[in-house]
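Numbering (this note's numbering), first residue to last: 5 to 263. Where is the CB? At the ideal position from N, CA and C, for every residue including glycine. First comes the structure, then the notes that go with it.
Written out as structure tokens, the structure reads:
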């Protein structure tokens with residue numbers, strides 16, 4: 005049920021913390037990988053790392069920041085292995101700032117990266133899935149949401165929370181569109197895991213320290229997470245084991261959303 009060996013898998017944002025860990029996990033599971041991100045040197049370094057393990061790896065430089073860019077990345081993956089079975093999108097950003105101090109341009113940058121880009125990636129993938137025979141099995145898409153799509157945070161997260169709530173809504177709507185088209189889409193909603201995006205929360209200075217301590221009071225398992233905690237849920241959502249699961253945001257959060 006969890007066998008995804010031989011599947012053509014695309015990881016967007018593959019040099020980030022979550023995306024990089026996902027690319028490694030999918031390679032270990034026997035997928036044929038295409039990795040994409042904006043920095044060509046980092047992409048090539050990640051590709052070499054994966055190839056050293058025996059994985060098949062294709063590369064694409066770019067982010068899904070336009071229809072043309074998203075289509076190019078998906079086309080690269082499909083051309084490399086003849087189809088696209090799996091797509092994981094782990095792009096995005098945050099820009100922390102109280103609303104009174106934050107410009108509309110900064111808000112739009114967050115919304116564009118965390119919502120528009122995911123929509124564009126899914127549009128390109130959906131067009132590719134429509135070309136593929138049903139015999140390949142159900143196509144799978146997983147996107148990175150956040151507990152912040154469900155819960156607010158009192159430290160300048162208006163853009164981030166709104167973008168992730170919008171992403172969750174997109175996942176639900178798209179699951180309805182794709183349900184009869186042999187494709188599933190789900191999201192993973194982590195709480196804080198260590199990455200460049202969340203590094204400020206590991207600081208011993210405020211607002212990082214205060215935010216971290218407040219969060220830990222609400223995490224029943226008593227710690228923040230790392231990317232290893234996220235891989236089991238990801239593999240489940242990308243495998244045949246989840247063929248009847250779509251439109252869902254799986255919170256991998258140490259119990260944070262249970263309170």
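| Asked | Found |
| --- | --- |
| Exposure of residue 102, with buried meaning 16 or more beta-carbon neighbours within 10 Å | exposed |
| Bounding residues of the beta strand (DSSP E) (the contiguous stretch that carries residue 191) | 187 to 194 |
| Counted within 10 angstroms of its Cβ, other Cβ atoms place residue 9 as buried (16 or more) or exposed | exposed |
| The stretch 103 to 120 touching the stretch 47 to 56, judged by at least three CB pairs closer than 8 Å | no |
| C-beta contact flag for residue 239 and residue 29 at 8 Å | yes |
| Own chain partners of residue 12 with C-beta closer than 6 Å, once the 5 adjacent residues on each side are dropped | 36, 85, 87, 88, 89 |
| Residues of its chain near residue 132, where Cβ-Cβ distance is below 6 Å and the 5 sequence neighbours each way are ignored | 78, 82, 88 |
| Same chain only: Cβ atoms within 7 Å of residue 159, ignoring 5 sequence neighbours per side | 100, 211, 215 |
| Given residue 113 as reference, the closest of 181, 96, 229 once Cα atoms are compared | 96 |
| Given residue 64 as reference, the closest of 71, 42, 218 once Cα atoms are compared | 42 |
| C-alpha distance - residue 187 paired with residue 220, whole-angstrom precision | 37 Å |
| Nearest residue (CA-CA) to residue 50, options 18, 75, 33 | 18 |
| Host beta strand (DSSP E) of residue 255 (start-end) | 253 to 256 |
| Delimiting residues of the alpha helix (DSSP H) encompassing residue 233 | 232 to 242 |
| Spatially closest choice to residue 260 from 249, 245, 197, by CA coordinates | 197 |
| Residue 293 to residue 185 span [Cα, whole Å] | Because the chain spans 5 through 263 in this model, residue 293 falls outside it and cannot be assessed. |
| Distance between beta carbons of residue 171 and residue 122, contact taken as under 8 Å | 6 Å |
| C-beta contact flag for residue 92 and residue 175 at 8 Å | no |
| When 189, 228, 183 are compared against residue 205, the one with the closest alpha-carbon | 228 |
| Alpha-carbon to alpha-carbon, residue 230 and residue 203 | 12 Å |
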